[in-house]
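Undergrad:
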Amino acid sequence: METFANAVAYMREHPGTTLIVPKGEYILTGELARDTQKKVMEGFYGEDLERSIFNPQFKYDKGIDLGGLRDCRIEAYGASFMVDGFMEPVSVTNCENVEICGFSIDHKRKPYSWGVVTHETTDEEGIRIFTITLDDACPIHKDVPPLDLRCHLYQPETGETYWDPDCERLERIDEHHIELAIDDGRFGVGTQFYAIHTYHSRPAILIEYSKNIRITDVTIHSQPGMGIVGNRSEDIFIKRLSVVPSNGHHMSTNTDATHFTSIKGKLVIEDSRFIAQGDDLTNVHAYFHQIIKRDAPDVCYLQEKTPDGTHAQTLDYPDVGDTLDLTSLDTLQTVDKFTVLDVVPMHEEWMCKVTLDHPLPQNTHRLVMADVTRLPEVTVRGCTSKEHYARGVLIKCRKALIENNQFHNVEGSAIAVAAEAGWHEGVCPANVTIRNNIISENRSVEKFAGIYVRSDCNDPTGQTIRNIVIENNVINAPRCPYAIQLRNIDSVTVRNNVMTSQEQNVVITDCTNIYTE
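So that you can map any letter, position 135 of the sequence shown is 134 in numbering that gives the first Met the number 0, and since no number is skipped, the others follow by simple counting.
#1: Cutting at 6 Å between CB atoms, please list the residues of its own chain near Leu-485, excluding the five before and the five after it.
#2: Would DSSP call Leu-31 helix, strand or coil?
#3: Within the chosen definition, does the stretch 429-439 reach the stretch 466-475 through at least 3 CB pairs nearer than 8 Å?
#4: Let's see if you can read the secondary structure: which residues bound the beta strand (DSSP E) around Thr-2?
#5: Using C-beta distances below 8 Å, list every residue in its chain close to Thr-463, excluding the 5 sequence neighbours before and after it, in chain order.
#6: Just grab the DSSP bridge partners of Met-345 for me.
#7: Are Cys-166 and Ile-181 closer than 8 Å when you measure CB to CB?
#8: So, Leu-205 versus Ile-290, is the Cβ gap smaller than 8 Å?
#9: As a quick exercise: from Val-339, His-151, Leu-148, Ser-261, pick the residue whose alpha carbon is nearest that of Glu-303.
#10: Applying the criterion that 16 or more other CB atoms from any shown protein chain within 10 Å of the CB defines a buried residue, is Asn-253 buried or exposed?
#11: With a CB to CB cut of under 6 Å and the five nearest residues on each side skipped, what residues in its chain are close to Tyr-388?
#12: Note down the Cα distance separating Ile-131 from Arg-185, rounded to an integer number of angstroms.
#13: Can you tell me the Cβ-Cβ gap for Arg-380 and Ala-429, rounded? I've got them flagged as a contact below 8 Å.
#14: Bridge partners for Ile-204 per DSSP, in chain order?
#15: Can you tell me whether Ile-52 is helix, strand or coil according to DSSP?
#16: What number of angstroms, rounded off, separates the C-alpha of Ile-414 from the C-alpha of Gly-114?
#17: Taking a contact to mean a Cβ-Cβ separation below 8 Å, would you say Lys-336 touches Val-343 in this structure?
#18: Cutting at 6 Å between CB atoms, please list the residues of its own chain near Gly-67, excluding the five before and the five after it.
#19: Measure the C-alpha to C-alpha separation of Phe-192 and Pro-223 and round it to an integer number of angstroms.
#20: Leaving out five residues before and five after Met-250 in sequence, what residues of the same chain have Cβ atoms less than 6 Å from its Cβ?
#21: Can you grab the Cα-Cα spacing for the pair Pro-521 / Met-40, in whole Å?
#22: Judging by CA-CA distance, which residue of Val-217, Gln-501, Arg-390, Phe-406 is the nearest neighbour of Ser-443?
#23: Tell me the DSSP secondary structure of Met-368 in three-state form.
#24: So Thr-322 is in the beta strand (DSSP E); what residue range does that whole segment cover?
#25: Would you mind sorting Val-283 into buried or exposed? The rule is 16 or more other CB atoms within 10 Å of its CB.
#26: Do Thr-322 and Asn-230 come within 8 Å of each other at the CB atom, strictly closer than that value?
#27: Tell me whether the beta-carbon of Asp-147 lies closer than 8 Å to the beta-carbon of Leu-169.
#28: May I ask you to list the residues that DSSP assigns as paired with Trp-422?
#29: Beta-carbon separation of Met-368 and His-288 under 8 Å?
#30: Give me, in chain order, the residues of the same chain whose beta-carbon lies closer than 6 Å to that of Arg-293; leave out the 5 immediate sequence neighbours on both sides.
#31: Here's a check: name, in chain order, each residue in its chain whose Cβ is nearer than 8 Å to the Cβ of Arg-149, leaving out the five neighbours to either side.
#32: Compute the distance between the beta-carbons of Val-468 and Thr-432, then report whether it is under 8 Å.
#33: Given a cut-off of 8 Å, decide if Phe-80 and Phe-102 are closer than it, judged by their beta-carbon atoms.
#34: Spatial neighbours of Glu-95 within its chain, please: CB distance less than 7 Å, with the 5 preceding and 5 following residues excluded, ordered by chain position.
#35: Measure the alpha-carbon distance for Ile-235 versus Lys-265 and round it to whole angstroms.
#36: Along the beta strand (DSSP E) that carries Phe-129, what are the first and last residues, could you check?
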């Protein structure tokens, strides 16, 4: 790590440098990293684990800190960054025109626990009882966080994955054994079991306050949080990214493979693979900010209220000249638009003071503001996504193209276009084209297997989403009730799709200007 730090220091002083990293395994570690992992795995933080290690005050180690680079390239083909502990392996902050290529990220001790069903019996009521023998490298201590925080079963013979199984019983026997009682005939001896111990920690790669960043031919095998988090940056290009388990495993990142917030310019994800991560392939959004108080009719204090805080754990705030949408959190209807004349970030107070170009309404109860200037033009093209939790592509922006991708057995819907009031993530999308994608779901699941476009809030009203085109997709979900759900859209075109579902291929409600073929 000292060698990397010295090389990066040289690059800061010499813009335009290319750093060549030889093939080999490189250990990234630190005292804080090892201590954090030890405490998590021993249950030191108790039931409040998430807020203990995922907050702006929590101190953590960085592996390779590229902060401040200009016009540089890091070529690390064949390099494996093996992380010892919980940390942020690669940090790209305050950078411009930087490309990183070729390396992989994995963990010496996986940030999850896993084992194999080695014995099966049946109790008096006919419920199957499995004994899971844990891998020697990941014993589970008695005070570890709940085993069912987010767990799944994987059957290597069939390739089937079962997330959050409906267990009659899931309990620790000792450090190396778990007992699982479940009435499901799909699994037996040889089935693999995986359990994470925290949803969020630092990402494997952070991109923040940066412009024109390229990530090419990078592999992320594991991370105790998300794979790539991009925040308050402009123009991010990702090509041939692989967020996939390492050999012999069926778990990659604990949560989202990628997640992007408050981005400007272009965001492109191309020719990439996503397998067995604990949440979405990607989620692209701005934050809904609550109006905390007002100094004047046109001066207010804003604060994001997402359940976990921002995913970079840094303050989100608009810039002077940005446009803010004032939106009803209950209906997701836009009430007004404002231009920011002045802003004062208040990092310690976790809020910002904003001066607007005209007065707010007198009553702002349940009204929130979102920065629509910090929404990227998104392209997700030529990617493969399978056997992971939650959604595939989740879009909350005003221009996007999702094309030529393949989705197989994604636990949630493959493609979602939706603001989510419950998560305080917006905004209502517009101008989204979804075309030439192949979506397959061979399980029986109560869901819209392929695509949904809707406003997710308490009382979705009217047509808050605009200009959606869904064409030339194949959705094969013969055991699912529905293929596509469309709601709250003005101007939607659905044409030339081939769909198979159990009950109804397309469900359309509260939409206007509909064209179907």
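C-beta: ideal position from N, C-alpha, C; glycine also.
TA: On the basis of the data shown:
#1: Cβ neighbours of Leu-485 beyond the five flanking positions: Val-452, Val-491, Ile-507, Cys-510.
#2: Three-state DSSP puts Leu-31 in a helix.
#3: The answer is yes - the stretch 466-475 touches the stretch 429-439, with three or more Cβ pairs under 8 Å.
#4: From DSSP, Thr-2 is part of no beta strand (DSSP E) but of the alpha helix (DSSP H) over 1-12.
#5: If we look at Thr-463 and ignore the five residues flanking it on each side, its Cβ neighbours are Thr-330, Leu-331, Gln-332, Thr-333, Ala-418, Cys-427, Ser-454, Asn-487.
#6: Met-350
#7: yes
#8: Here Leu-205 is not near Ile-290, since their CB atoms are 8 Å or more apart.
#9: Ser-261
#10: buried
#11: Result list for Tyr-388: Trp-162, Gly-277, Asp-278, Glu-410, in chain order.
#12: 16 Å
#13: Between Ala-429 and Arg-380 the Cβ distance is about 20 Å, and since that is not below 8 Å, they are no contact.
#14: Val-89, Ile-227
#15: Here Ile-52 sits in helix by DSSP.
#16: 31 Å
#17: no
#18: Arg-11, Asn-93
#19: The straight-line gap from Cα to Cα measures roughly 17 Å.
#20: Tyr-111, Tyr-193, Pro-244, Ala-275
#21: This structure gives no information on residue 521, because the portion of the chain shown stretches from 0 to 516.
#22: Comparing C-alpha distances from Ser-443 to each of Val-217, Gln-501, Arg-390, Phe-406 shows the shortest one belongs to Gln-501.
#23: strand
#24: 322-327
#25: buried
#26: no
#27: yes
#28: Answer is none; Trp-422 lacks a bridge partner.
#29: Taking 8 Å as the Cβ cut-off, Met-368 and His-288 qualify as a contacting pair.
#30: Only Cys-299 meet the Cβ criterion.
#31: Trp-162, Asp-163, Ala-194, Ile-195, Tyr-198, Asn-253, Gly-277, Tyr-388
#32: The beta carbons of Val-468 and Thr-432 sit closer together than 8 Å.
#33: yes
#34: Arg-69, Ser-209, Lys-210, Asn-211
#35: 6 Å
#36: 127-133
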